[in-house]
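Each protein sequence line maps, in turn, to chains A and B.
Numbering-wise, this note's numbering puts 237 at position 237 of the first sequence, and it's gapless, one number per residue.
Count along the second sequence from 1, then add 390; that gives the number in this note's numbering.
Even glycine gets a Cβ: it sits at the ideal position worked out from N, Cα and C.
The next block holds one structure in the form of structure tokens; read it before the comments.
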Amino acid sequence: MKQQIKLAGLAVLMSVAAGQAVAQEKIKVGVIVSLSGAGAVLGQQARDGFNLAVKDLGGKMGGKDVEVIVVDDELKPDVAVTKVKGLLERDKVDFVVGPIFSNILQAIHKPVIENKTFLISPNAGPSSYAGKECSPFFYVTSYQNDQIHQILGKVAQDRGYKRVYLLVPNYQAGKDSVAGFKMDFKGEVVEESYMPLGTLDFQAELSKIAALKPDAVFTFMPGGMGVNLVKQYKQAGLADRIPFLSAFTVDESTLPAQQDAAVGMFGGSNWAPNLDTAQNKKFVAAYEAAYNSVPATYAFQSYDAAMLINSAVTSLKGDLSDKTKVAAAMKRADFTSLRGGFKYSANGYPIQDFYLTKVAKRADGKYQTEIVEKVFTNYADRYAKDCVAQ
Amino acid sequence: MTLTLALVQILNGLQFGLILFLIAAGLTLVFGVMDFINLAHGVQYMVGAYFVAAFTAMTGSFLYGLALALPTALAFGLLLEVLIFRHLYDRSHLDQVLATFGVIIFLNQAVKFVWGAAPLNVPIPDALSGTIEITDGMLYPVYRLVIIAVGLAVGLALYLVVNKTRLGMLVRAGASNAAMVSALGVNIRFLFTIVFGVGAMLAGFAGAMVAPILSVEPGMGDNVLILAFVVIVIGGIGSIRGAFIAALLIGLVDTLGRFFAPTLLRVLLDPATASQTGRAIAPMLIYILMAAVLFFRPSGLFPSKQ
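Spelled out as structure tokens, the structure:
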């Protein structure tokens, strides 16, 4: 904690000093993520992943020093707009990295793009900017949101599940989740339970699941809701009886709270800490040593965002004056991602492999997701075709 | 099958209602006896959960953790009373709301500072972690039955204390006319402190009991606070009996509404719409119930002030 305060103090001093220095001698990156409120853990992972990448690059990109300015969007769209305008107008950043949540992205996308500044999302990948509204200034290092739900639907179909129970929160992302799941799943949906956001006790639904005896349960319960659901699912004795397919419900940000209750539960992902590439092994070890927690996708996607920026800056030898050239360099994504193969569609969303993951307890007592099987290979999102190449 | 399921849902409603009762009991006394609106009561619930998480991690046993958490929650409640709330009793309700709201924000940030933003895990003690098979495939967690038993026991104990002891008599008297009790030579400030401490401990106890089934995280008390206020408004401010009955009523209405509303609506609508509307109607039922009770009995079911 003291270390963080020191770092924060240092960051303030640095940004004050930078304001007075000659403009654009450095590469400036603004990181806007949720560091307080319900999504704080995810934002911290993204921030730490980005900082780790900058450290691995020796604090330089294309021969120039890198300055990272981290701000907290507080998971409030209005706050995010004010903060991002500060990054653009006061700090004059070259790149904005963020945010975690799609509703924040809806708020900051326009101000950043209209300012002709590059926006790299290390997590949020809504459909809204993947089709007609795509932009050469916008890049995603995660995935298009629907794809994760689609993985589980495909798995349910491939495994021959006939009857599935769906349990999602009652808001737009929950409905998108159901739509994503149904894309490849053709069996019977015995029940669609829509829970109010912030539901903490699922016992009534769990009793219903026990009575209906479906072949599998599919759920999308981010954050604290997922922690509760997983614990209660186990406590209700369902974990050994009915397979639990989930999206954004069991990952390294929630596992420290779910622990044994989550072991054996399934998720969908574009990466896992045990993905077998040399860079990834090094990254996971370095992250754990530096921050004393197992990295989740937020950390790795943010690390990749830094490497993506570095690839563009290096190929242009640090000269960012021609935005068209920068956009072309970004789209090439000429770097080795921690996930291995990685290309961009015309809309700035990745073409990549997707996996079914499963929660496991490691020999050292920590919990992580591990890859079970590859579900999609070199898979692009379905909106990319609507993006007119710019 | 459906009958068993309905029975299980009644158990679920009962368990939810008893947790609400533990929280609302303190709130209704503090509001009724001291005429003090304490928005920070939900924070006591959160703090109780954090204490049990910390002590369980320290001692390695949930029971020891609980045994340590209860006196700590009591001490913490008394500390807040002495430092902050005591100075607010004579102020207007608006001042009380503002100040206690500030306490919520401060303590929510404080737990994040001490324990971090990530939810904490409290394991269920092994002996209580099993399930009971009611019928084929219909399992019920033992721990939830324990919550029901403990909640009923606390309810009974409170009933005895409030209705059969001298202290309880003073509390009841304080709830109906505090000035008169004070004029009769009772140290009302001391009585307030005891009531406040016990109320805080009960909320902390509720937090500690649910810690193994819910995630322990900053702000977890904010949601239950609203429901606790609904409970005391329906039950009648200052009445333990009212809080008990209203809490069970709300627990049952909420849980059974969640279960029956989508099923009933399915007769009229397609399954997806029925589920969405049904789930949206269920939380409303609580407030419709409150409105109906207030219409017929403006001071709640069992008002303590006549």
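Neighbourhood of residue i by C-beta distance below 6 angstroms, restricted to the same chain and skipping five residues each side
i: serine 629(B); result: Phe692 and Ser694
i: valine 227(A); result: Thr254, Ala257 and Gln258
i: valine 501(B); result: Tyr440 and Pro608
i: leucine 197(A); result: Pro169 and Tyr171
i: alanine 23(A); result: Bear in mind that the predicted position of alanine 23(A) carries a pLDDT of just 44, short of 50, making it unreliable; the figure below should be weighed with that in mind. None.
i: leucine 397(B); result: none
i: asparagine 498(B); result: Pro608 and Gly609
i: alanine 664(B); result: Pro652, Leu655 and Arg656
i: isoleucine 309(A); result: Phe95
i: glycine 611(B); result: Gly432, Val433, Tyr435 and Met436
Interface residues of chain B facing residue i [CB-CB closer than 8 angstroms]
i: glutamine 368(A); result: Here the premise fails: no neighbours, minimum Cβ distance about 15 angstroms.
i: lysine 193(A); result: Per the sequence presented here, residue 193(A) reads as serine, with lysine not at that position. Near serine 193(A) (Cβ distances below 8 angstroms), the residues of chain B are Pro652, Ser665 and Arg669.
i: glutamine 258(A); result: Asn511
i: aspartate 276(A); result: Within chain B, no residue comes near aspartate 276(A); the closest Cβ sits about 28 angstroms away, beyond 8 angstroms.
Own chain, CB closer than 7 angstroms to residue i, minus 5 neighbours either side, in chain order
i: valine 84(A); result: Ile32, Val96, Ile108, Pro111 and Val112
i: proline 214(A); result: Arg163, Val164, Tyr165, Val190 and Ile242
i: alanine 21(A); result: No answer about alanine 21(A) holds up, because its pLDDT of 40 lies below 50 and its placement is not dependable.
i: valine 359(A); result: Val250, Leu255, Ala262, Val263, Gly264, Met265, Tyr367 and Thr369
i: leucine 119(A); result: Val96, His109, Val112, Ile113, Phe137 and Phe138
i: glutamate 523(B); result: Leu529
i: valine 606(B); result: Ala439, Tyr440, Ala443, Pro509, Leu510 and Val512
i: phenylalanine 491(B); result: Leu429
i: threonine 446(B); result: Phe452, Gly455 and Val512
Residue i versus residue j - alpha carbon distance
i: asparagine 416(A); j: leucine 529(B); result: Residue 416(A) is absent from the model: chain A starts at 1 and stops at 390.
i: asparagine 577(B); j: glycine 587(B); result: 16 angstroms
i: serine 15(A); j: glycine 59(A); result: Residue placement at serine 15(A) cannot be trusted, given a pLDDT of 49 that sits under 50; the coordinates are not used to answer.
i: threonine 667(B); j: serine 566(B); result: 43 angstroms
i: alanine 272(A); j: alanine 296(A); result: 8 angstroms
i: alanine 547(B); j: isoleucine 627(B); result: 20 angstroms
i: methionine 61(A); j: leucine 453(B); result: 55 angstroms
i: leucine 456(B); j: threonine 277(A); result: 46 angstroms
i: alanine 80(A); j: glutamine 106(A); result: 10 angstroms
i: glycine 403(B); j: valine 643(B); result: 7 angstroms
i: glycine 187(A); j: tyrosine 161(A); result: 7 angstroms
i: isoleucine 622(B); j: alanine 414(B); result: 6 angstroms
i: alanine 598(B); j: glycine 416(B); result: 15 angstroms
i: alanine 633(B); j: glycine 422(B); result: 11 angstroms
Sheet register partners of residue i (DSSP bridge)
i: glutamate 192(A); result: Leu166(A)
i: proline 350(A); result: Tyr344(A)
i: tyrosine 379(A); result: Gln352(A)
i: proline 531(B); result: Thr521(B)
i: glutamine 368(A); result: Ala360(A)
i: valine 66(A); result: Ile27(A)
i: phenylalanine 218(A); result: Leu166(A) and Leu245(A)
i: valine 96(A); result: Gly30(A) and Leu119(A)
i: valine 140(A); result: Ser121(A)
9 angstroms Cβ cut-off: residues of chain A touching residue i
i: proline 673(B); result: Pro196
i: tyrosine 533(B); result: Gln235
i: leucine 638(B); result: Near leucine 638(B) there are no residues of chain A at all, since even the closest Cβ is about 16 angstroms away, more than 9 angstroms.
Contact set between residue i and chain A, taken where Cβ atoms lie within less than 7 angstroms
i: valine 398(B); result: Ser207
i: arginine 648(B); result: Ala204
i: phenylalanine 406(B); result: Asp201
i: methionine 559(B); result: Here the premise fails: no neighbours, minimum Cβ distance about 37 angstroms.
i: threonine 645(B); result: Ala204
i: isoleucine 537(B); result: Under the 7 angstroms cutoff, chain A gives no residues; its nearest Cβ is about 11 angstroms from isoleucine 537(B).
Proximal residues of chain B, C-beta to C-beta of residue i below 7 angstroms
i: leucine 228(A); result: Note on identity: in this sequence residue 228(A) is asparagine, with leucine being the wrong assignment. Those within 7 angstroms of asparagine 228(A) in chain B are Leu604 and Ser605.
i: glycine 224(A); result: Pro509, Ser605 and Glu607
Own chain partners of residue i with C-beta closer than 8 angstroms, once the 5 adjacent residues on each side are dropped
i: glycine 399(A); result: Nothing about residue 399(A) can be read from this structure; chain A reaches only from 1 to 390.
i: aspartate 353(A); result: Asn270, Arg339, Gly340, Gly341, Lys374, Phe376, Thr377, Asn378 and Tyr379
i: leucine 659(B); result: Thr667
Under 8 angstroms by beta carbon: chain A residues contacting residue i
i: leucine 395(B); result: Ser207, Lys208 and Ala211
i: methionine 528(B); result: Ser207, Ala210 and Ala211
i: alanine 521(B); result: Residue 521(B) is actually threonine in this sequence, not alanine. Simply Gln235, Ala236 and Gly237.
Any C-beta of chain C under 8 angstroms from that of residue i
i: valine 250(A); result: The chain labelled as chain C is not found among the protein chains of the depicted structure, namely A and B.
Heavy atom of the ligand MG within 7 angstroms of residue i beta-carbon
i: alanine 296(A); result: Absent from the structure shown: the ligand MG. Ligands present: none.
Exercise for review: Count the CB pairs spanning the region 342-351 of chain A and the region 120-138 of chain A that are closer than 8 angstroms, and state whether there are at least three.
Suggested key: yes
Point to revise | Inter-stretch contact at 8 angstroms, needing at least 3 Cβ pairs: the region 433-442 of chain B / the region 554-562 of chain B | key: The region 433-442 of chain B makes no contact with the region 554-562 of chain B; the number of CB pairs closer than 8 angstroms stays below 3.
Review point. Between the region 591-599 of chain B and the region 643-658 of chain B, do at least 3 Cβ pairs fall closer than 8 angstroms?
Key: no
Check your understanding: Should the region 396-413 of chain B be called in touch with the region 630-637 of chain B, which here means at least 3 C-beta pairs below 8 angstroms?
Key -> yes
Exercise for review: Give a yes or no on contact between the region 40-55 of chain A and the region 278-297 of chain A, applying the rule of three or more CB pairs nearer than 8 angstroms.
Suggested key: yes
**Study point:** Given 8 angstroms, three or more beta-carbon pairs between the region 304-317 of chain A and the region 326-343 of chain A
**Key:** yes
Practice item. Examine the Cβ distances between the region 139-150 of chain A and the region 171-184 of chain A and report whether three or more of them are shorter than 8 angstroms. Key: Between the region 139-150 of chain A and the region 171-184 of chain A there are three or more inter-stretch CB-CB distances shorter than 8 angstroms, so the stretches are counted as touching.
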